[in-house]
Each structure stands twice: as structure tokens, then as C-alpha cells.
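Chains as they are written, first to last, in my numbering: chain A, 34 to 276; chain B, 34 to 276; chain C, 34 to 276; chain D, 34 to 276.
Heads up, the beta-carbon is just placed ideally off N, CA and C, and yes, glycines get one too.
4 protein chains.
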Amino acid sequence: MADKIRVTVWGENAHEKVTAETQKLYPDGMHTYIANFLNTQDDIDARTSVLDEPEHGLTEEVLAGTDVLTWWGHIAHGDVDDAIAQRVYEHVVSGMGIICLHSAHFSKIFTKLMGTPCNLKWREVAEREVLWVTRPGHEILQGIEDHFIIDHVEMYGEFFDIPEPDETILISSFEGGEVFRSGCTWRRGAGKVFYFRPGHETYPVFYNENVQKVITNACRWAKPAGPRVISTCESPELGWFLK
Amino acid sequence: MADKIRVTVWGENAHEKVTAETQKLYPDGMHTYIANFLNTQDDIDARTSVLDEPEHGLTEEVLAGTDVLTWWGHIAHGDVDDAIAQRVYEHVVSGMGIICLHSAHFSKIFTKLMGTPCNLKWREVAEREVLWVTRPGHEILQGIEDHFIIDHVEMYGEFFDIPEPDETILISSFEGGEVFRSGCTWRRGAGKVFYFRPGHETYPVFYNENVQKVITNACRWAKPAGPRVISTCESPELGWFLK
Amino acid sequence: MADKIRVTVWGENAHEKVTAETQKLYPDGMHTYIANFLNTQDDIDARTSVLDEPEHGLTEEVLAGTDVLTWWGHIAHGDVDDAIAQRVYEHVVSGMGIICLHSAHFSKIFTKLMGTPCNLKWREVAEREVLWVTRPGHEILQGIEDHFIIDHVEMYGEFFDIPEPDETILISSFEGGEVFRSGCTWRRGAGKVFYFRPGHETYPVFYNENVQKVITNACRWAKPAGPRVISTCESPELGWFLK
Amino acid sequence: MADKIRVTVWGENAHEKVTAETQKLYPDGMHTYIANFLNTQDDIDARTSVLDEPEHGLTEEVLAGTDVLTWWGHIAHGDVDDAIAQRVYEHVVSGMGIICLHSAHFSKIFTKLMGTPCNLKWREVAEREVLWVTRPGHEILQGIEDHFIIDHVEMYGEFFDIPEPDETILISSFEGGEVFRSGCTWRRGAGKVFYFRPGHETYPVFYNENVQKVITNACRWAKPAGPRVISTCESPELGWFLK
Chain A
34 MADKIRVTVW GENAHEKVTA ETQKLYPDGM HTYIANFLNT QDDIDARTSV LDEPEHGLTE
94 EVLAGTDVLT WWGHIAHGDV DDAIAQRVYE HVVSGMGIIC LHSAHFSKIF TKLMGTPCNL
154 KWREVAEREV LWVTRPGHEI LQGIEDHFII DHVEMYGEFF DIPEPDETIL ISSFEGGEVF
214 RSGCTWRRGA GKVFYFRPGH ETYPVFYNEN VQKVITNACR WAKPAGPRVI STCESPELGW
274 FLK
Chain B
34 MADKIRVTVW GENAHEKVTA ETQKLYPDGM HTYIANFLNT QDDIDARTSV LDEPEHGLTE
94 EVLAGTDVLT WWGHIAHGDV DDAIAQRVYE HVVSGMGIIC LHSAHFSKIF TKLMGTPCNL
154 KWREVAEREV LWVTRPGHEI LQGIEDHFII DHVEMYGEFF DIPEPDETIL ISSFEGGEVF
214 RSGCTWRRGA GKVFYFRPGH ETYPVFYNEN VQKVITNACR WAKPAGPRVI STCESPELGW
274 FLK
Chain C
34 MADKIRVTVW GENAHEKVTA ETQKLYPDGM HTYIANFLNT QDDIDARTSV LDEPEHGLTE
94 EVLAGTDVLT WWGHIAHGDV DDAIAQRVYE HVVSGMGIIC LHSAHFSKIF TKLMGTPCNL
154 KWREVAEREV LWVTRPGHEI LQGIEDHFII DHVEMYGEFF DIPEPDETIL ISSFEGGEVF
214 RSGCTWRRGA GKVFYFRPGH ETYPVFYNEN VQKVITNACR WAKPAGPRVI STCESPELGW
274 FLK
Chain D
34 MADKIRVTVW GENAHEKVTA ETQKLYPDGM HTYIANFLNT QDDIDARTSV LDEPEHGLTE
94 EVLAGTDVLT WWGHIAHGDV DDAIAQRVYE HVVSGMGIIC LHSAHFSKIF TKLMGTPCNL
154 KWREVAEREV LWVTRPGHEI LQGIEDHFII DHVEMYGEFF DIPEPDETIL ISSFEGGEVF
214 RSGCTWRRGA GKVFYFRPGH ETYPVFYNEN VQKVITNACR WAKPAGPRVI STCESPELGW
274 FLK
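Next up, the structure:
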């Protein structure tokens, strides 16, 4: 059978140290929880890395062995070393898939890949979210029909200051009336980028079966089709390609 | 001063003959109402054409003199002559702007330009719609900040079976919880296409100041930058362009 | 192992009856030649259908059992029955992948999916084409690095009157100096569309190893991720999704 | 008459100090040359700023009074202060248009807006470039029909490591056989971005009438439609928009 998809689940792992509700929901950390549900799949081999590890657990060796990186961060975006963010960026543009979850909209890696501020509206009153499918049949939406509901979430509202997505595949409405482009894809270099809105440190959003399904599918979609491809700046002589 | 934008407001003018509520709201027809608010602008010269006229009021001469065509139809899409739809299409791809309003999603011209079925969900219970800006600063959204509200509308819900828009500039939420991509742009050939969701035969949606603002701006945005450009299929000899 | 990708290779099979050079290059028809190289792959099961068969070999049953349809036509586009083109269209928008090859740019199905005239320049002087990769790492370009060359081709030149592609992955230059967007992708409904320029009835373009590689990869890329998804127009009551 | 478009032409002005050929072609600097041809237009008021000025001539006041910024840099990208690049970025995403010329593909501002490395191939042998129109009728291409030729240029070749453009409006072929996406547009926040390949310090590319035409049109296209729009991250209470 085909090789498994090597997923590295990166977690900031900061709320996990200070927020009681997070500790209760995710005693081993959100990253471990995410890796665990991914590892129930036969075709995925998920490991974790966190901020506190040397090089944030994202050494050149780890990234070279990663097909898809998932990223969750919130209160410690600024603690991510610029050099490590740059290293992740270089792997993405040469082919590593990346899935940015929820508050990762403000991570160094996501804003760098977007080239925009990635601002948005937000509100934490445990309101209901309905995620509507706007690209049925998409690889990332297998098993999702028409819409799904998450009962209690932090709201994110437009204007979400991102570049026009290559594909907008999910749009949310919230009990309060706001809307949000909750599932968006882009290519950057040889790499695929997926932003997925759900996920929070004190609501049990990652427990949601459909949320798990989308993240799992997204790993399959974001997996590079071949080895890393590094773009270069070179100066070939006239007619070189005819030789 | 610059030449005025020559807008042709096309109306099916069918509800106007049979639906009491439409007659009450739009005694001279929706097309006339739309043309009238456009004509309050110094830079616009709007005229009307309707289904019942010879060639649906869309003769070659009328179209050749049209910068932007707005289209409203609902119950009589099938009565539009294929040859006239084809003529409109040829003008769009050679540069004429087109603005398709509300139920024009199912018009011959819109589905032909999209290449998709353009299906959607719908419901008529006079619910509230909030239209959220997803591309601030866009030419079509001048004067619109963040969002605007229409109190009573027919709901349109996703999945709206259109190709990925070049730009999604407005997304609606409805009181019932559905969402919809309510302002979408595409280019087809040399022409610009804008789909705008609001507008209905029995709710006074075209009375809404912001709806009028968006349609007015859209006429400015969709106006061709120059004369018609007709693409061709030709067979030039080797090196022709060096002569 | 996973199920094979079920590919239907559609051929107009018209030049094959009248053009000596075509008969020499493709004694069993271009469609058979294409199916044969696809069938060298373990994961593909390719069959053929041609214009002359009842319903052009594209019965509801055949299409229902097709993951990806490849289309080659040239001198008999007009002989394709509108109802069959419509049937193919319905399968594409509900998930069947379609790969349109070379002169299929003027086929009923391609122009219908595009919503534009699809005009282009052309010239038959057996000139050299270089196809440059503009999206390294793309699924369709696995095994292709930077560029590849076809020694003798019919030239196609811009302006190619298509909607802005979702992705432009190959751009050609020709000996004569023209350029062409030779590899373009779009989504239409739940289906994926790939246009690939190479392929001709009297040049041995389908013999080219890289051309075969791209078409083979494209079958993998265009394969639907799940069963057909049929978009509908329905009128749900208020709050239906909460039940 | 309408207010003029306020263009700031930014020049690195470094070759101008050390390269004899540049001094001969552009005795007052490329920036002055560009501003001069823009100022022949009734609707444009162009001024210049250069690297050596305090804050590179891009003070908050200058940028606040700029509708469109054009950028040319090459050997001194690294000398642009990060804080000034950031200030320019903030003006772009809040609505200021930006036109990046030629070697500005490697400028801090362009790579930041793209989110990709922007690598490309290059060669300086004074070869011929043909720029083919791939979006006839586009605002930026007014006065350009089908193609135009520049006799002696530095070649830029694919793969150009940029995100998929919103619109690819010009594609070049070079005498040597390479191709390049030479005219590309994107939106970032409320601002419009145009990349235009032509322009060089030792070939008289900016003397070319069509190059001047494209840059002039691009200023008109990139002009913001209204005042700056600054996206924010805020936390509105439930139902705030109903008040």
C-alpha cells in the first residue's frame, strides 16, 4: 500500500499551561488531540511538535520529513522565531502542505504566505455556527453534505483581510448574523495552503466529527504530489534548453 | 466632461402584468424604476428595453450603443429568443458590461456566461438579509462600509452553482441562517460580469438606497474601457508579427 | 489496492477515416492510442467511445461509470448531438473529470463549460513548441521539470478566449514567436476540467513521452474524490437545518 | 474636471550613480523619465521619490497623498528600510495602488505582498521580446492590440514564483524561446497591485511607446476608487449591526 501521509501537528501549547478549560478539554494538549484523531486513519502518520521544543520542534530534519504541517497558535505568535517561520515558509513554497487552524490566521507563517494583514472580527459568546459547502465534491469536503453545525463557537466575521482565495469551499453563518469564509485554499509555490476557521482553546470544537473529517481530508489534499521543488533564480544562456 | 455611461436596463416585464404587488411597487415596471434611479446620476444615461418589444428591445443597434446592460428576469427566461441571448453574449465577450440581478441567475445569458447550472436555495418569508463587504474599497462598493441590511427579502442560499468568482465582494447572511455569495465578478472575453443578489418583484428591494448605490457603482465598474474587441480564430503565417 | 480510475477516451474518429497521415500514425485511431498508453498504468482502466457509436458511445450508463472523460474532436464538433453534449455537461458539473485535448477547444462541451468563444490563432508548419512549467509540483506535472519540447506541432497562439483559468500550469512558446496557455485548470460544479494544448491528427504528438505523462497525471488529478454530487434548486423552510 | 491621479514614482536611483549606460539613457534618473512621460497626461500628476532621501522620500505624508506608487529597484533592495517597506505595505492594503516594474520583482514590498519568493530566470543579451495580450479590452491594455514588440531586452523566464495572478493580461515570448507572465494583477486588501516586466537600467525600454502606454493605463486602473480603507481586528457584541 502507498506510503502514509506524514503529518506534523504543530501546537503553540501555551493555553494548555495556563487555561483551566483548555486543560480540561485537552489534557494532553490540542496538538496531541489532533494528532490522535488523524492517527485513527490508515493512511496518516501524525506526530506533534510544540513551541517549547528546541527550534519549536521544527528542525530542518522534521520539516524535510513532513508532507503536511498543521498549525495552531494564538497567544504566542510573537514567540515563534523568525528564522523558524522562514524555514517553514521555504518548505511550503517548495511543496509541503500547510493547514492553518482558527487563530493561526495571525501566525507569522500564515500572514507571510498571504501578504495581507489577515484581520477579522471576533466574539466569544458560545454562539452557533453553520458551515455551508460552497464547492460540493471538493477533496477536502468528502463526507460533508451541504452544511454542518457547530453548536458553540467563537465567532469570526468578515472582513477577513486575505487575498482572494483560489477556492472558497466553506462559508459560515453565525447565530449573531455575521458570515466568514471558513474554508479557503491557495497555492504558494509548489505548496498547498488551507485555512480552516474552526478550532478554539476553550470550546470543544476539535471534538466535532465534521471538523475532524475536514482536517483529515485536508491532509490528503495538501500532501505534495512529489518531492520538494525549489524555485531558483538563474541565468541560462541563449538556447540552453535546445541542448 | 466625459461621455456618459450608456446603460440599457432590460426587464422581463412579466410580473408587472400579472402580479398586483409588483404593480403597486413598480407601476411603471421594475426596469423603469431602475433606469430612473440610475438617471439621477450625472454620468449615466439609462434607457430601458423589455421582452415584449421586437427583438426584446435588444437590436444590434441598441446593443452596439450600450456600455452596460442590466438584466432582470424570472418567470419568462424561456421566452427569451436564443438568437437574442446569443447576440447579447457576443456583445459581452467583446466588451459590453453586464449586471445580472437576483433571479437573473437562471437567465439564458447568465448561465451561458457561467458554464454551470447556477442552482441555489430560495425561500420567500420576508426575512432579513445582511450583506457583508468582503472586498473593502472595491469600485462597486464605494459608499458601502462593512455591511448593509435589507429588512425583508427572498432568501437565496448556497450552494450557488457558479464557477469560482474572480472576486467575491459581498456575502449575505439571512435571518434563517443561510449564506450566499451576493456580489460576484467575472471577466468573460473583453467584458465584465457582475452578479448582484438583491432585487425581487414583490419586496421593495430596489427602493433600498444601498442596493441602488451598488447597482450604480457596478455600471461604472462594468463600463468597457474602450471600443468592442472581437476575438477571432485566424491563421497567421510564420513571423507575421515581425513585419 | 484502491479501485482503478475509470477513464473513457472519447474520439471523434473522423480524420482516421479520411486522412492518410492520421491512418499511418494511428491505425487504430487516436482514441485507441491514448487508451493504450493510459492502460500501461496500474491505476487506470481506460476504454474508448467514438462519435459513430449509438449516442456517440456516451450513454448514461457509460458516463455513470466514468471517472474521467478525455475529449478529442476537430472536424466534426457540429455532429455531436446537443443532447449528448448536455448529458456530458451534467456529469461534469456533478463530478466527472474532463480533459479536453488540443482542437477540443472548439468542442460543444468545452465552450459550454467555459462560457466564452475559445478562439485562438493557429498555424500548421511543423514548428517547435517548448512547454514551460508555471506551477512546479502541480499534480498534473509530476515527472515534468521546468519545461519540455515537442519538435513538430501545429501552433496555437494567444489570444485564447477562455475565462481566467483557476490555474495556468503550462505556457508554450513556439518557434514562430507566439505563446499559448497550454495547460489550464478550472472547476465547474463538482467537476474538474483540464485543457491541454498538445495533440494533433497528423503530427505524432501523442507519441511524446511527456505528453503522455501529463495526460496520465491529469486523469489522476481530475478523478472525482467521491460519488456524483448533483446541485439542486430547492426551497427549504425557515430553520430546516436545525432539525 | 476630475482630480488628477497623484502618482509617486519611486526610484532606487543607484545605477544612475555608477552605470555609464544608465546615465546616458536616463541623465535625470529613470524615476524622472517615468514621471515625465506620465506628466504628459492631463489626468496624472506624477512626482518622484528616491532611496537617498530621508525616509526614502516615502514619508507618511507623501504616501497619504499618493494614489498610485510605481516602484523600480534592482541593486539596492536590501537598503530599503524595513519600516518604510512596512509603511508602503500598509498604504497598499488600505487602498493605494502599486505598480512594480521589472527588477522590482525582488523588492521587499513586492515579495511581501506576494507571499512567495518571486524567483525567475534572466539573461542579458539584448534579445527581442514580444508581449502578447491575454485579456483584450482590459483597462491596462487600452491602445494595445494583440501584441507589441520590444527589440532589445533583458530576458525574464518562467518559472516566476508568484501566486496565481488574479488576472494574467500579458505573456511574453523571447527570441531565446523562454516565456514570462509579463503583466499580472492582484488585489491585496483594498489596494490593487500590477506587476509589469519591461524596464531595465541599460536598455532603453522605458522609451518604448507601448511600455509608456501600459504604465500610464496602469496608473488609471490602480487608482483607489475612494479614500483609504483600513481593515481592523475588532470584537463587536452580539447583534451590534442591528442597532
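Please go through the stretch 55–103 of chain C and give each complete alpha helix (DSSP H) segment of 4 or more residues, from N-terminal end onward. 63–71, 93–97
Which stretch, first to last residue, makes up the beta strand (DSSP E) that contains R156/C? 154–166
Does DSSP classify V121/C as helix, strand or coil? helix
Would you list the one or two residues that DSSP bridges to L134/A? F229/A
What does R221/A reach in chain D if we use C-beta pairs closer than 8 angstroms? G148, T149, P196
Please go through the stretch 161–248 of chain B and give each complete beta strand (DSSP E) segment of 3 or more residues, from N-terminal end onward. 180–190, 200–207, 212–221, 224–229
Just by C-beta distance, which residues in the stretch 193–218 of chain B are closer than 8 angstroms to chain D? D199, E200
Answer yes or no: do K154/C and E267/B have a C-beta to C-beta separation smaller than 8 angstroms? yes
Reference H138/C, options T65/C, D85/C, R214/C, closest by Cα: R214/C
Going by Cα to Cα distance, which pick from H233/A, G259/A, S264/A, Y240/A is closest to G133/A? Reading the sequence as shown, one finds Cys at residue 133/A and not Gly. Answer by Cα proximity: H233/A.
What first and last residue would you give for the beta strand (DSSP E) that runs through E38/C? Sequence check: residue 38/C is Ile here, not Glu. Taken as a continuous stretch (DSSP letters only), the beta strand (DSSP E) holding I38/C covers 38–44.
Who are the neighbours of W165/C on chain D, taking C-beta pairs under 8 angstroms? G190, E191, F192, E211, V212
Is it true that the CB of H64/A sits closer than 8 angstroms to the CB of T81/A? yes
To the nearest angstrom, report how far apart D85/C and W43/C are at their CA atoms. 11 angstroms
Report the rounded CA-to-CA distance for S127/C versus Y228/A, giving the unit in angstroms. 25 angstroms
Using 8 angstroms as the cut-off, can you tell me whether the stretch 145–163 of chain D makes contact with the stretch 243–261 of chain D, which would need three or more C-beta pairs spanning the two stretches below that distance? no
How about C133/A: is its C-beta nearer than 8 angstroms to some C-beta of chain D? no
8 angstroms Cβ cutoff, P231/A in contact with chain B: no
Taking C-beta pairs closer than 9 angstroms, name the residues in chain D that P169/C reaches, listed in chain order. F192, D194
When the distance is taken between beta carbons, is P231/A closer than 8 angstroms to H171/A? no
Extent of the continuous alpha helix (DSSP H) run through T144/B: 141–147
Mind checking the stretch 261–272 of chain C against chain B and listing, in chain order, the residues whose C-beta falls within less than 8 angstroms of any C-beta there? S264, T265, C266, E267, S268, P269, E270, L271, G272
Taking C-alpha atoms, which residue in K256/C, R161/C, L275/C, F274/C lies nearest to D36/C? K256/C
Any chain B beta carbon closer than 8 angstroms to H124/D: no
E162/D and S205/D look like a contact to me (Cβ under 8 angstroms); what is the Cβ gap, rounded to whole Å? 5 angstroms
Hey, could you find the ends of the alpha helix (DSSP H) V262/D is sitting in? Run containing V262/D: none; DSSP gives neither H nor E here.
Can you tell which of F181/D, V101/D, I67/D has the C-alpha that lies nearest to the C-alpha of K276/B? F181/D
Note the first and the last residue of the continuous alpha helix (DSSP H) segment covering K50/B. 48–51
Whose C-alpha, out of G272/D, S264/D, F239/D, is nearest the C-alpha of G62/D? F239/D
Same chain, Cβ closer than 7 angstroms to Q347/C, neighbours up to 5 away in sequence not counted: The structure shown does not extend to residue 347/C, since chain C is modelled only from 34 to 276, so the question has no answer here.
Let me check understanding here. Comparing Cα to Cα, which of E191/C, L71/C, T92/C, I142/C lies closest to V278/C? For residue 278/C there is no data in the structure shown, the boundaries of chain C being 34 and 276.
Out of G209/A, T99/A, G272/A, V40/A, point me to the one whose CA is closest to F274/D's CA. G209/A
Straight-line CA distance for M34/A to I131/A? Residue confidence for M34/A is low, a pLDDT of 46 falling below 50, so the modelled location carries little weight and cannot support an answer.
Nearest CA to the CA of L271/B: which residue from V101/C, E160/C, L91/C? E160/C
Label D194/B either buried or exposed according to how many other C-beta atoms from any shown protein chain fall within 10 Å of its C-beta, with 16 as the threshold for buried. buried
Determine the chain D residues that contact L153/A at a beta-carbon separation under 7 angstroms, and present them in chain order. C266
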